[in-house]
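Single-structure report; data block below.
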Amino acid sequence: MGAAENPPWSREEFETRLRAKGERYHIHHPFHVAMNSGKCTRQQVQGWVYNRFYYQISIPLKDAAVLSNMPDRDQRREWIKRILDHDGTQSEEGGIEAWLRLGEACGLKRGDMISLKYVLPGVRFAVDAYVNFARRAPWQEAVCSSLTELFAPEIHRKRLDNWPQHYPWIEPDGYFYFRKRLSEARRDVEHGLRVTLEHFKTREQQQKALEILQFKLEVLWSMLDAMQIHYGMGDAKRV
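Here the working numbering is used: the first residue of the sequence shown is 21, the next is one more, and so on.
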């Protein structure tokens with residue numbers, strides 16, 4: 021089929037199709053549904069927090085890889101904010117430290133989290149695949165893969181709304197990470213979406229963008245698959 025028979029979607033239609041990918045966001049994974057409904061045990065929640073830490077510490081590595089592939093200074097100035105968000109600065113705590121605080125609020129030992137000795141192989145494989153993609157892909161494609169952030173504010177809000185009542189054993193200070201990301205994720209989405217809508221112009225390119233976003237969604241889904249297999253799912257009576 022020629023280009024004339026398969027014209028590009030309008031900017032509005034393309035964005036709608038990107039946002040529709042949220043149906044596969046990991047908030048809909050059975051493990052996460054159980055966790056957000058208060059049906060997970062203490063061990064299962066701790067296992068999620070512990071393994072997700074490997075993802076958190078890998079995000080700045082991914083973002084640094086994207087940054088290294090960006091020839092445009094203005095784009096680098098925008099993108100570097102993501103690294104600082106996670107690594108922090110001397111005057112402001114970053115996302116990695118906030119996640120360590122979440123782990124401690126859940127009863128995990130900071131040293132155990134930092135050691136990564138209990139990270140599940142399936143989680144490690146999925147996260148590493150994402151980082152390697154960002155290193156090798158054109159920077160615009162790596163930016164596109166970050167658009168799972170389109171769906172992140174909802175997941176953070178639900179955790180803030182539901183977890184305190186379902187898991188009263190988690191210390192309240194641990195929820196700082198989720199509150200912090202509510203504003204950061206919105207800012208990041210604006211930039212990532214703008215890059216994607218402007219770069220992927222033809223129908224073929226737009227289809228590729230959807231495939232890239234699907235890949236990232238599957239990374240997050242696969243992480244939960246590995247956790248569900250290892251920790252089981254549900255049975256709040258055992259908390």
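Beta carbons: idealized from backbone N, C-alpha and C, even for Gly.
Quantities reported herein were computed from a predicted structural model and do not represent experimental measurements.
Item	Value
Residue span of the alpha helix (DSSP H) that contains Cys-164, given as start and end	159-165
Cβ neighbours of Cys-126 in the same chain (closer than 7 angstroms, five flanking residues each side left out)	Val-65, Gln-66, Val-69, Ile-190 and Gly-194
N- and C-terminal bounds of the alpha helix (DSSP H) containing Tyr-75	62-88
8 angstroms CB neighbourhood of Asp-132 in its chain, flanking five on each side removed	Tyr-70 and Tyr-138
Where Asp-92 sits in the DSSP three-state scheme	coil
Straight-line gap, Glu-224 to Pro-192 (C-alpha atoms, nearest Å)	47 angstroms
Three-state secondary structure assigned by DSSP to His-49	coil
Pro-192 - DSSP class collapsed to helix/strand/coil	helix
Cβ-based burial, Leu-240 [other Cβ within 10 Å; buried from 16]	buried
The alpha helix (DSSP H) enclosing Pro-27, as first and last residue numbers	First-last for Pro-27: undefined, no H or E at that position.
Test item: CB-CB of Ala-154 and Val-86 under 8 angstroms	yes
Straight-line gap, Asp-94 to His-48 (C-alpha atoms, nearest Å)	36 angstroms
Buried or exposed (CB count within 10 angstroms, at least 16 for buried), Asp-105	buried
N-terminal and C-terminal residue of the alpha helix (DSSP H) that Asp-181 is part of	172-186
Inter-residue CB distance, Ser-78 and Val-151 (contact presumed, cutoff 8 angstroms)	5 angstroms
Spatial distance of Glu-25 from Gln-226 (CA atoms)	15 angstroms
Rounded C-alpha distance that separates Ala-54 from Gly-252	11 angstroms
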